[in-house]
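Asker: Attaching a single structure in C-alpha cells format; questions to follow.
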C-alpha cells in the first residue's frame, strides 16, 4: 500500500476520533443523558478513530523506513495518542465543564499535527 493510502487512513481516523469526542462532549456539556445507541456511536467512533490513527501512523512510518528506531517526534505522537485514548473518559466524567476540555483536545490534536509536519526531533 502506498504512503498516500496510509495518510488517508490516518486522516479518516482523526475525523472519527474528534467526531466521537464532539458527540459525547456536546451531550455531556448540555446535560443531555445519552441513550444507548448514541452513546455506543460516540464511543465506537472514538475507538475506530484511534485504531485508524494507529494503523495509518505506523503504516506511514514503515513507508518512510524508520520503524527500527522511532524518532522522538513519533514517540511524542504516540504519547498524545495515549492521552487521546484516555480523553474519552475525561469527557464522559467531566464533560460538563465544556470549553476547557474542548481546548485541551484541540491543543493535543494541533500539537500532534505540528510534530508530524515539522518533525522537530
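In our numbering, the protein residues as written are 468 to 588. All residues carry an ideal CB built from backbone N, CA and C; glycine is no exception.
Candidates 585, 546, 584 and 564: which alpha carbon is nearest residue 575's?
Answerer: Checking every option, the nearest Cα to that of residue 575 belongs to 546.
Asker: Give the C-beta separation of residue 513 and residue 480 to the nearest angstrom, bearing in mind that I take them to be a contact with Cβ-Cβ under 8 Å.
Answerer: At roughly 10 Å, the Cβ-Cβ gap does not stay under 8 Å, so residue 513 and residue 480 are not in contact.
Asker: Pick from 573, 552, 563 and 536: whose alpha carbon is nearest that of residue 520?
Answerer: Checked all of 573, 552, 563 and 536; the closest Cα to residue 520 is 552.
Asker: In terms of residues, what are the limits of the alpha helix (DSSP H) holding residue 469?
Answerer: Unbroken run through residue 469: none, as it is neither H nor E.
Asker: Beta-carbon within less than 7 Å of residue 484's beta-carbon, same chain only, minus the 5 sequence neighbours each way: which residues are those?
Answerer: Excluding positions up to five away in sequence, the list reads 513, 516, 517, 520 and 551.
Asker: Return the CA-CA distance between residue 508 and residue 474, expressed in angstroms with no decimal places.
Answerer: So the two alpha carbons sit approximately 24 Å from each other.
Asker: For residue 469, which residues of its own chain have a beta-carbon under 8 Å away from its beta-carbon, when the five flanking residues on both sides are left out?
Answerer: Hits under 8 Å: 530.
Asker: Rounded to the nearest angstrom, what separates residue 572 and residue 472 at their Cα positions?
Answerer: When rounded, the distance between both Cα atoms is 26 Å.
Asker: Is the separation between the beta-carbon of residue 540 and that of residue 588 shorter than 8 Å?
Answerer: Yes, these two residues count as a Cβ contact at 8 Å.
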